[in-house]
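Worksheet: the structure to be examined is printed underneath.
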Amino acid sequence: MTELHLALLAGAPRHGYDIKHEHDAWFPDSRPLAFGQVYATLARLQRDGLAQVVETRTDGGPERTVYALTEEGERRLRAWLAEPAAAAGSGADEIVRKTIAALHTGIDVRGFVSRQRASHLRRMRELQRNPPGAGAAEQLVREHVIAHLDADLRWLELATELLPSSGQQQPLRTATERNNP
Amino acid sequence: MSTVELSGVSHAYGRTQALRDVSLTVAPGEVVAVTGPSGCGKSTLLLLAAGVLRAQSGRVVLTGTDLAGADEAARARIRRRSVGIVLQFGQLVPDLPVLDNVALPLLLEGHAPREARAAAAGWLDRVGLDVPPTTLPSELSGGQAQLAAAARALVTGPLLVLADEPTASLDTATGRQLLDLLVTSTTAAGGSVVLVSHDNAVAARADREVRLRAGSVVHEVALS
Ligand SMILES: Nc1ncnc2c1ncn2[C@@H]1O[C@H](COP(=O)(O)OP(=O)(O)OP(=O)(O)O)[C@@H](O)[C@H]1O
Ligand SMILES: [Mg+2]
Chain A
0 MTELHLALLA GAPRHGYDIK HEHDAWFPDS RPLAFGQVYA TLARLQRDGL AQVVETRTDG
60 GPERTVYALT EEGERRLRAW LAEPAAAAGS GADEIVRKTI AALHTGIDVR GFVSRQRASH
120 LRRMRELQRN PPGAGAAEQL VREHVIAHLD ADLRWLELAT ELLPSSGQQQ PLRTATERNN
180 P
Chain B
0 MSTVELSGVS HAYGRTQALR DVSLTVAPGE VVAVTGPSGC GKSTLLLLAA GVLRAQSGRV
60 VLTGTDLAGA DEAARARIRR RSVGIVLQFG QLVPDLPVLD NVALPLLLEG HAPREARAAA
120 AGWLDRVGLD VPPTTLPSEL SGGQAQLAAA ARALVTGPLL VLADEPTASL DTATGRQLLD
180 LLVTSTTAAG GSVVLVSHDN AVAARADREV RLRAGSVVHE VALS
């Protein structure tokens, strides 16, 4: 979740409340993010030098601390998106997080989808070449993994169809631009 | 020598540009998957590789012969000797019994009918098509026709198998068995396979994936 918070901060400096709403808008079918988790994560990002406090806003309401991505934070985000998600087991959610984050941040979406596709196909190939044990249960477990890889691959195809052509993709703003909106 | 090599190939049907500047090299023993959405040019690429369609620009070299310099008869000869094609919709000869359909490539090469039919019966058995040998193509289900087409493609022991959605009409288990047979029987003899498919499980059989979109290659990755 750390890197996803970095992606949520990539568009503009935000306070915790904004980040929660941005997250819930990115993933309308997932469980809403808890405020407590957002604040804990932001504190950790700041401690690790991945985000920094740029402003304290009041806007007439309660005081709100606004965070922005640091250059180190952006490097970390790019490194995360440069790696495909693990191709099995708990990988499914990570795939969605990475793809959506790549789409929102505009960081090499096509490259990401292509690498992810290759990584999933490689895993599928490996599984197809190494038959599971002879038992029905072993075969069922194997089929479950293959079916999920296939579902992810189909979903990724959908993502490519919905992608803007490369020329239309917005580059990520630099740290300076981001911190002085 | 590459089994087949397409360089900078383009093809249009009238005003529909089906392929644009596509290059693809298939090495001996290699399995390549060509994937991509409907209408992206996969079947066109396969027909060009087989020399069924003539490239309007670019070059196709099939088992060492530049197809640009080969007339229709010469191209048909190379196809018969070295290439096994499984077309997208089976495409058996309607008036010939299944056994003769499968034996046909051998008969055309001048093999004795008895021998050709015996070999054909062997391949029908291997693909798992269990129907009386006198059955006509019109009496086969879609999946059975696809199995017969695969047997016909393999009967000559080709250097190159070109298969267009070879498992589209088959259930998962039969599809896997057929793929296994297409790939292992061909590569074991040093031959190459090009698999055209929408199906990820088919793509995952390949050593390399070439993905087309709107007539161009958009991604090419090694899977092995
Ligand atoms: N014989 C033909 N005459 C005219 N246009 C054709 C012909 N064959 C194909 N096309 C067109 O060329 C383009 C590529 O077709 P092709 O059959 O190669 O696609 P494909 O990738 O095999 O699609 P599918 O996955 O649906 O089989 C399409 O726009 C199609 O309409
Ligand atoms: Mg086709």
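Going down the list, the protein sequences come from chains A and B.
Take 0 as the starting number for the first sequence in numbering that gives the first Met the number 0 and just add one per residue.
Take 0 as the starting number for the second sequence in numbering that gives the first Met the number 0 and just add one per residue.
C-beta: ideal position from N, C-alpha, C; glycine also.
query: What separation, rounded to the nearest whole angstrom, lies between the Cα atoms of T171/B and A200/B?; result: 10 Å
query: So does S42/B have its beta carbon nearer than 7 Å to some heavy atom of ligand 2?; result: yes
query: Using 10 angstroms around the beta-carbon of G166/A, count the other beta-carbons present and answer buried if the total reaches 16, otherwise exposed.; result: Low local confidence applies: a pLDDT of 49 at G166/A is under 50, so the model's placement there is unreliable, and no value is given.
query: For a contact meaning CB atoms closer than 9 Å, what does A11/B contact in chain A?; result: Near A11/B there are no residues of chain A at all, since even the closest Cβ is about 22 Å away, more than 9 Å.
query: Please decide whether Q127/A counts as near chain B, where near means a Cβ-Cβ distance under 8 Å.; result: yes
query: What is the rounded straight-line gap between the Cα of L211/B and the Cα of G40/B?; result: 7 Å
query: Mind checking whether the beta-carbon of S81/B lies closer than 7 Å to any heavy atom of ligand 1?; result: no
query: For A39/A, which residues in the same chain have their Cβ closer than 7 Å to its Cβ, ignoring the five residues on either side in sequence?; result: none
query: In whole angstroms, what separates the C-alpha of R77/A from that of R207/B?; result: 27 Å
query: Could you spell out where the beta strand (DSSP E) holding A136/A opens and where it closes?; result: No beta strand (DSSP E) holds A136/A; the alpha helix (DSSP H) holding it covers 135-161.
query: Going along the stretch 88-113 of chain B in order, which residues come within less than 8 Å of chain A, judged by CB to CB distance?; result: none
query: Give me the DSSP bridge partner(s) of S191/B.; result: L159/B
query: Once you ignore the five residues that flank P104/B on each side, which residues in its own chain have a CB closer than 7 Å to its CB?; result: R79, R151, V154, T155
query: Between S37/B and ligand 1, is there a pair consisting of the residue's CB and a ligand heavy atom that are separated by less than 7 Å?; result: yes
query: Beta-carbon separation of Q127/A and P83/A under 8 Å?; result: no
query: With 16 as the cutoff for other CB atoms within 10 Å, does Q225/B come out buried or exposed?; result: Because chain B in this structure spans residues 0 to 223, residue 225/B falls outside the shown range and cannot be described.
query: Report the residue ranges of all beta strand (DSSP E) runs contained in full by the stretch 13-76 of chain A; include only those spanning at least 3 residues, in chain order.; result: 50-56, 63-68
query: For A11/A, would you say it is in contact with chain B, using Cβ-to-Cβ distances shorter than 8 Å as the test?; result: no
query: Using only the heavy atoms of ligand 2, determine whether one of them is closer than 7 Å to the beta carbon of Q45/A.; result: no
query: From which residue to which residue does the beta strand (DSSP E) around H119/A run?; result: Element bounds for H119/A: not the beta strand (DSSP E) but the alpha helix (DSSP H), 108-128.
query: Following a CB-centred definition, is D163/B positioned closer than 7 Å to any heavy atom of ligand 3?; result: Although ligand 3 was asked about, the structure shown includes only ligand 1 and ligand 2 as ligands.
query: Determine the direct distance from the alpha carbon of A17/B to that of A11/B, and round the result to whole angstroms.; result: 5 Å
query: Rounded to the nearest angstrom, what separates H22/A and Q36/A at their Cα positions?; result: 12 Å
query: Could you tell me whether the Cβ of A117/A comes closer than 8 Å to any Cβ of chain B?; result: yes
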